[in-house]
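In our numbering, the protein residues as written are 55 to 228.
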């Protein structure tokens, strides 16, 4: 963020999972290792800043796939130490909710529906940082279910976008 605005938002897609119709944790962590430095460099370039212009480094500390988290944590710790910048650990799921504040005025209390690749939760939010999980899936998350369903139907990966495309062409039930 620069002056409260997102200066760049870079993602790296991992096509390696397409072959398996879902995320393979070991392959994910290896792809993270290959992609993390190029993504950081591209984000800095797009924001027109250098490493020395950063005030602090925030990093996902969990929950998530351990191998991928370790890649991010080690990279962030290295940057933090070498640049003498503060390191801020971030809960991945809380960050999804906090991201609502970037471009929206949020009214409390609210119920957040968090649907991420590996997590599906209903969360009661009374104020920023005050969360209570009131419901969640106990086995697969919605994202995983879409991937598995798409694989069974011979569709591509990730399954959500392709299923959504097909659903948009269907007949409305109501």
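Beta carbons: idealized from backbone N, C-alpha and C, even for Gly.
- Bridge partners of residue 181 according to DSSP: 184.
- The C-alpha of residue 106 is placed about 7 angstroms away from the C-alpha of residue 137.
- Counting the other Cβ atoms within 10 Å of the Cβ of residue 157 gives fewer than 16, which makes it exposed.
- Residue 164 and residue 179 have their alpha carbons spaced roughly 5 angstroms apart.
- Nearest in C-alpha terms to residue 82, of all of 75, 92, 91 and 71, is 71.
- Residue 130 sits buried, since 16 or more C-beta atoms from the chains shown fall within 10 Å of its C-beta.
- Approximately 5 angstroms separates the beta-carbon atoms of residue 86 and residue 122; this is inside 8 angstroms, confirming the contact.
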